[in-house]
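Scroll down for the structure; my scribbles are underneath it.
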Amino acid sequence: MEISKTTIGIAAGVAGTLFLGYCIYFDHKRRKDPDFKKKLRERRKAKKAASAASGGPRSTMPNMADHEEVQRFFLQEIQMGEALISSGDIENGVEHLANAVIVCGQPAQLLQVLQQTLPSQVFTMLINRMRQYGNQSADSDRAKLQDMNDDLE
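Structure (structure tokens):
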């Protein structure tokens, strides 16, 4: 029994149409589900809570040799920090502002401006976050030195 090319073409067309119909049906069902957005928000919150519990992902620091990349990162972090703080997410906003201070060429002046513009509680959180970052980097530097010493011995 030989199958003609037209039969194969028709079968492929029917299979493609059925697959497309299947995709459209489930997409429609998903969009019309009243609990879909609620479940999606819950999943995002759970994922965010899990990442916050594990120390939270800090923004990827830019290549400090690339001045334009540092500027872009700085502006992005300032904007994100301000937006998050104004929307009520103080902790994440402070984290973004701390990232901006870290890469800033003149951190003392930026901190003075932030001290004048931020509420005192938020500014205190920012200073504490900066201390945490300093301690974390010092701990990682000590660990690297210890590893080097162990390698040399």
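If you read the sequence shown in full-length UniProt numbering, its first letter stands for residue 1, the second for the next number, and so on. Every residue gets a Cβ at the ideal spot worked out from N, C-alpha and C, and that includes glycine.
Cβ shell of residue i (< 8 Å), same chain only, five flanking positions each side left out
i: residue 154; result: Absent from the structure is residue 154, since the part of the chain shown begins at 1 and ends at 153.
i: asparagine 149; result: Bear in mind that the predicted position of asparagine 149 carries a pLDDT of just 49, short of 50, making it unreliable; the figure below should be weighed with that in mind. Hits under 8 Å: none found.
i: isoleucine 10; result: none
6 Å Cβ shell around residue i - same chain, five flanking residues per side excluded
i: methionine 130; result: Ala98
i: leucine 111; result: none
i: glycine 81; result: Gly93, His96, Leu97
Residue i and residue j closer than 8 Å at C-beta
i: proline 107; j: valine 113; result: no
i: proline 62; j: valine 103; result: yes
Cβ-based neighbour list, residue i, same chain, cut-off 7 Å, excluding 5 preceding and 5 following
i: isoleucine 85; result: Gly93, Val122
Next on the checklist: Can you confirm whether the segment 88-105 touches the segment 114-128 when touching is taken to mean that 3 or more C-beta pairs between the two stretches lie within less than 8 Å?
Outcome noted: yes
Checklist entry - For the 8 Å Cβ check, are there 3 or more pairs between the segment 39-48 and the segment 58-75? => result no
Checklist entry - Which parts of the segment 17-63 are runs of the alpha helix (DSSP H), unbroken and 4 residues or longer, counting only runs that do not cross its ends? => result Along the length of the segment 17-63, whole alpha helix (DSSP H) runs at least 4 residues long occupy 36-53, reported in chain order.
Item to check | Whole alpha helix (DSSP H) elements within the segment 63-109, 4-residue minimum | outcome: 67-86, 90-103
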